[in-house]
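Undergrad: Protein chains in written order, with this note's numbering: chain S, 435 to 587; chain D, 435 to 587.
Number of protein chains: 2
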Amino acid sequence: MLDKYERLILKVLQKDGRASTQELSDAVDLSPSPVWRRVKRLEDDGYIQRYAAIVDSKKLGLGAFGYVQVSLVDHSENSITIFKHFVHKSEQVLECASITGDFDFLLKIVATDPEALEEFIMKHMLRLGVVRNTTTTFVLRRIKSSGALPVDM
Amino acid sequence: MLDKYERLILKVLQKDGRASTQELSDAVDLSPSPVWRRVKRLEDDGYIQRYAAIVDSKKLGLGAFGYVQVSLVDHSENSITIFKHFVHKSEQVLECASITGDFDFLLKIVATDPEALEEFIMKHMLRLGVVRNTTTTFVLRRIKSSGALPVDM
DNA sequence: CTCGAAATTGGCAAAATTCACTGCAATAGG
DNA sequence: CCTATTGCAGTGAATTTTGCCAATTTCGAG
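(1) Report buried or exposed for Asp-536 of chain D, applying the criterion of at least 16 other Cβ atoms within 10 angstroms of its Cβ.
(2) From Arg-575 of chain S to Asp-538 of chain D, what does the alpha carbon distance come to, in whole angstroms?
(3) Thinking Leu-583 of chain S and Val-504 of chain D are a contact (beta carbons under 8 angstroms), I'd like their distance in whole angstroms, please.
(4) Given that His-522 of chain D touches chain S, what residues does it touch there, using C-beta distances under 7 angstroms?
(5) Taking C-alpha atoms, which residue in S:Val-473, S:His-509 and S:Gln-448 lies nearest to Ser-459 of chain S?
(6) For chain S, find out if any of its Cβ atoms is closer than 8 angstroms to the Cβ of Phe-554 of chain D; answer yes or no.
(7) Going by DSSP, which residues form a beta bridge with Val-573 of chain D?
(8) Beta-carbon of Gln-448 of chain S versus every beta-carbon of chain D: anything under 8 angstroms?
(9) Let me make sure I understand the geometry here. Which of D:Ser-580, D:Ser-465, D:Leu-442 and D:Pro-468 has the alpha-carbon closest to that of Val-527 of chain S?
(10) What residues in the stretch 478 to 494 of chain D bring their beta carbon closer than 7 angstroms to a beta carbon of chain S?
(11) Alpha carbon to alpha carbon, how far is Glu-511 of chain D from Leu-436 of chain S?
(12) With DSSP as the reference, label Tyr-485 of chain D as helix, strand or coil.
(13) For Ala-461 of chain D, does the three-state DSSP call read helix, strand or coil?
(14) In the stretch 472 to 529 of chain S, which residue ranges form an unbroken alpha helix (DSSP H) of at least 4 residues, counting only runs that do not cross its ends?
(15) Gln-448 of chain S: buried (16+ other C-beta within 10 angstroms of its C-beta) or exposed?
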């Protein structure tokens with residue numbers, strides 16, 4: 435599957451997505467050409483989906499995070515479509531997953547402040563007409579965020 | 435604070451962290467040099483914290499995600515330190531936040547499969563001796579993940 | 001409100017570095 | 001001994017980075 439070099443490369447690239455072939459070569463202790471071939475393969479085969487700049491939320495004035503559990507009024511095709519569409523078009527929804535338990539979805543929401551967060555839920559989410567019930571959990575402090583995926587070694 | 439070009443640049447770089455100055459220049463409709471200066475400023479001022487490769491979890495054999503709410507046995511300095519240390523050293527813990535509500539922390543965990551996820555909680559987290567209680571919510575399907583932060587425009 | 005000086009910012013061009021990418025001989029591993 | 005992979009070297013291109021001048025905006029004095 436993945437050899438030790440590929441695993442190392444993934445590890446490094448998750449921490450520094452702009453590492454050049456040369457830098458990777460140094461970090462991984464393998465000459466540039468095989469490193470380059472591996473990176474290319476990792477990209478082509480979809481191990482690396484894309485690259486992204488990680489932005490400081492506070493600097494952007496986004497000081498409030500919350501997790502919102504959502505249950506829908508029904509589970510018709512239509513309701514689900516409406517809700518998913520809302521999730522995808524709303525930039526404030528950072529993550530969304532369907533989950534086990536009493537609720538259908540768990541969303542991670544960002545906003546400038548707690549009031550704005552509540553407003554988002556009230557004014558936008560509940561107005562969809564497909565949401566039966568929600569439970570909001572506010573983030574007091576972010577201890578760890580967007581940790582890299584573990585690459586077994 | 436941030437002008438419209440900087441906001442656009444952030445928007446693009448969150449989607450493509452490897453966009454070159456030239457590419458940004460085209461996307462933002464501003465010549466390369468001011469674009470370059472802006473990117474540099476965004477990096478130096480900490481708006482851009484770092485760059486990262488986004489890796490496909492399934493390809494790595496990581497097929498199980500879960501959200502785990504955790505409450506500690508007490509809130510002594512010591513217990514909190516132990517728990518936080520565990521969170522930071524555990525690669526399987528992708529996110530952690532202290533939260534409002536009945537629990538103290540909400541963690542996002544990844545594992546190869548549900549059993550491995552449960553094992554992680556049982557064998558590793560509960561063995562810390564500082565965890566009183568946990569509630570695990572399994573992710574059935576990821577609808578949206580790691581969406582870029584909204585940059586007001 | 002107008003005018004003009006100062007400061008900021010954009011655009012162009014050039015330089016220098018670095019980078020991606022490709023053959024090929026050497027090498028290692030089975 | 002054969003196959004797969006490495007390391008090296010080279011090449012051409014793309015990228016970053018800097019300096020300079022023009023354009024634009026800002027802002028205060030009149």
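Where a beta carbon is used, it is the ideal one built from N, C-alpha and C, also for glycine. Here the structure is a predicted model, which is why all the values come from computation and not from measurement.
TA: Once the coordinates are examined:
(1) Asp-536 of chain D sits exposed, since fewer than 16 C-beta atoms from the chains shown fall within 10 Å of its C-beta.
(2) Roughly 10 angstroms separates the two Cα atoms.
(3) The pair is not a contact, with the Cβ atoms about 21 angstroms apart (cut-off 8 angstroms).
(4) Near His-522 of chain D (Cβ distances below 7 angstroms), the residues of chain S are Lys-578.
(5) Residue S:Val-473 is the option with its Cα nearest to Ser-459 of chain S.
(6) Output row for Phe-554 of chain D: interface = no.
(7) Val-573 of chain D is bridged by DSSP to S:Ile-533.
(8) At least one chain D Cβ lies under 8 angstroms of Gln-448 of chain S.
(9) The residue with the shortest Cα to Cα distance from Val-527 of chain S is D:Ser-580.
(10) Residues are counted here when their Cβ sits less than 7 angstroms from a Cβ of chain S; for the stretch 478 to 494 of chain D these are Gly-480, Tyr-481, Ile-482, Gln-483, Arg-484, Tyr-485, Ala-486, Ala-487, Ile-488, Val-489, Asp-490, Ser-491, Lys-493 and Leu-494, given in chain order.
(11) Taking the Cα positions, Glu-511 of chain D is about 42 angstroms away from Leu-436 of chain S.
(12) Shown here, Tyr-485 of chain D sits in a strand according to DSSP, grouped into three states.
(13) In the three-state scheme derived from DSSP, where H, G and I count as helix and E and B as strand, Ala-461 of chain D is classed as helix.
(14) Here the runs fully enclosed are 511 to 523.
(15) With 16 or more other Cβ atoms within 10 Å, it is buried.
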